[in-house]
């Protein structure tokens with residue numbers, strides 16, 4: 003039975019490589035020739051990093067073939083291949099995050115008969131199977147999700163004493179983590195409209211948009227805040243995103259209205275716990291406090307929570323923020339300019355609808 007699973011994995015990998023080649027040579031290459039129909043931005047949205055995936059998969063399959071025992075497939079040791087290439091699978095994150103935008107762009111183009119005929123001509127010229135282009139572009143998304151299922155099946159039919167057992171078990175854990183993280187980042191991108199809408203609701207906003215650097219609201223709450231030694235305590239509402247902490251002030255009468263009061267670049271600060279009692283830096287008595295200390299200067303911010311559990315929740319949130327940033331850097335996760343524009347358009351649309359509803363109500 004193990005031989006059957008191995009053969010199935012090898013067969014699907016070879017078929018998948020053919021699929022990727024067809025997309026890159028049959029569609030993308032032909033699209034690049036038609037500058038009258040496609041610009042570079044459109045092609046980036048539609049095809050994402052498909053060429054990077056194609057190059058990676060060719061190297062991966064080449065190594066799989068070396069490990070494949072054609073005479074006795076059940077003796078093949080393919081687990082180490084997944085472990086050696088584990089970092090490469092992260093390129094699927096960018097593709098999966100972009101896929102919804104690709105579908106939207108394709109749907110828009112397909113309203114024009116010229117594009118329908120063009121893509122069908124590409125398919126026929128490349129002698130591809132009878133599937134529409136959006137079906138081909140879905141394949142990498144399906145593929146990365148299928149790896150954990152294939153490895154789980156392989157592990158099921160691999161004896162404990164088999165030389166490949168521990169490698170397959172490790173590979174399964176790795177690929178489950180990859181797909182889990184990809185799904186998590188996809189969820190974050192689906193929520194960026196909410197972040198853009200939140201920013202639009204904050205009055206007196208200054209500086210860069212939140213989405214220029216951040217994609218997730220990690221934690222929020224009210225804290226007392228003292229900036230620099232000997233400053234006076236101020237009550238503020240804080241919003242911790244990846245890379246930045248945004249400070250807001252509540253309206254004195256309308257408590258649901260927020261005013262922008264600044265932000266702290268979390269990449270430039272260390273978080274430090276502060277013990278209860280008199281603080282040497284600020285020369286004040288503190289309780290349930292923590293500090294943000296600038297790595298390059300003597301600038302210090304101190305924050306005071308109302309309860310110990312609230313302080314601990316903030317400390318956990320800061321730890322989570324740094325971990326998220328490190329993981330994003332590892333896989334190159336970022337929000338594309340196209341996705342930022344789409345979020346901004348959604349905010350304008352919602353704001354316009356609210357304005358029209360308000361005017362109707364007033365009339």
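In the numbering used here, the protein residues as written are 3 to 365.
Where is the CB? At the ideal position from N, CA and C, for every residue including glycine.
Buried or exposed: which applies to residue 216, given that a residue is buried once 16 or more other Cβ atoms fall within 10 Å of its Cβ? Your numbering for residue 216 matches position 214 in the chain shown. Buried, since its Cβ has 16 or more Cβ neighbours within 10 Å.
Residue environment, residue 13, which counts as buried when at least 16 other CB atoms sit within 10 Å: Working through the chain shown from its first residue, we reach residue 13 at position 11. Under this definition residue 13 is an exposed residue.
With a threshold of 7 Å on Cβ separation, who are the neighbours of residue 135 within its own chain once the five nearest residues in sequence on each side are excluded? In the chain shown, counting from the first residue as 1, residue 135 sits at position 133. These residues qualify, in order along the chain: 29, 108, 121.
Who pairs with residue 241 in a beta bridge, going by DSSP? One-based indexing of the chain shown puts residue 241 at position 239. The partner list for residue 241 (beta bridge, DSSP) reads 222, 248.
Which same chain residues end up closer than 6 Å to residue 82 when comparing Cβ atoms and leaving out the 5 residues on each side of it in sequence? Stepping through the chain shown from its first residue, residue 82 is reached at position 80. So the qualifying residues of the chain are 169.
Residues that DSSP places opposite residue 1 in a beta bridge: As displayed, the chain neither begins before 3 nor continues past 365, which places residue 1 out of reach and without an answer.
Alpha carbon to alpha carbon, how far is residue 204 from residue 214? Counting from one through the chain shown, the residue named residue 204 turns up at place 202. Counting from one through the chain shown, the residue named residue 214 turns up at place 212. Computed Cα separation, rounded: 16 Å.
If you follow the alpha helix (DSSP H) that residue 401 is part of, which residue opens it and which one closes it? An answer regarding residue 401 cannot be provided, because it is not within the stretch 3 to 365 covered by the chain.
Just how far apart, CA to CA, sit residue 68 and residue 60? Walking along the chain shown from the start, residue 68 turns up at place 66. Walking along the chain shown from the start, residue 60 turns up at place 58. Looking at the two C-alpha atoms, the distance is approximately 13 Å.
CA-CA distance, residue 164 and residue 157? Counting from one through the chain shown, the residue named residue 164 turns up at place 162. Counting from one through the chain shown, the residue named residue 157 turns up at place 155. Looking at the two C-alpha atoms, the distance is approximately 10 Å.
Does DSSP put residue 289 in a helix, a strand or coil? For this step, residue 289 is matched to residue 287 along the chain shown. It is coil, neither helix nor strand.
Taking the alpha-carbon positions, what's the residue 103 to residue 341 distance? Stepping through the chain shown from its first residue, residue 103 is reached at position 101. Stepping through the chain shown from its first residue, residue 341 is reached at position 339. Cα to Cα, residue 103 sits roughly 8 Å from residue 341.
Could you say if the region 142-156 and the region 113-120 meet the contact criterion of at least three C-beta pairs nearer than 8 Å? no
Find the nearest neighbour of residue 303 within the set 336, 325, 249, 98, judged by alpha-carbon distance. Here the question's residue 303 lines up with position 301 in the chain shown. For the residues 336, 325, 249, 98, the minimum Cα distance to residue 303 belongs to 249.
Residues in the same chain with beta-carbon distance under 6 Å from residue 8, minus the five sequence neighbours each way, listed in chain order, please. Here residue 8 refers to the residue found at position 6 of the chain shown. 75, 78, listed in sequence order.
Local conformation of residue 70 per DSSP, three classes: As a working mapping, residue 70 is identified with position 68 in the chain shown. Reduced to three states, the DSSP call for residue 70 is coil.
Expected contact under 8 Å - CB spacing of residue 312 and residue 223 to nearest Å: As a position in the chain shown, residue 312 is number 310, starting the count at 1. As a position in the chain shown, residue 223 is number 221, starting the count at 1. Correct: roughly 7 Å between the Cβ atoms.
Under 8 Å: do the region 87-106 and the region 30-39 share three or more Cβ pairs, one atom per stretch? no
Simplified DSSP state of residue 207, which is helix, strand or coil: By one-based count along the chain shown, residue 207 stands at place 205. Reduced to three states, the DSSP call for residue 207 is coil.
Leaving out the 5 sequence neighbours to the left and right, which residues in its chain are closer than 8 Å to residue 10 when beta-carbon positions are compared? For the purposes of this step, residue 10 is identified with residue 8 of the chain shown, where counting begins at 1. 152.
Can you give me the Cβ contacts of residue 188 inside the same chain, cut-off strictly under 7 Å, excluding the 5 residues immediately before and after it? The count along the chain shown starts at 1 and reaches residue 188 at position 186. Correct list, in chain order: 98, 99.
Output yes or no for whether 8 Å exceeds the beta carbon distance between residue 280 and residue 263. Mapped onto the chain shown, residue 280 falls at position 278. Mapped onto the chain shown, residue 263 falls at position 261. No, they are not a contact pair.
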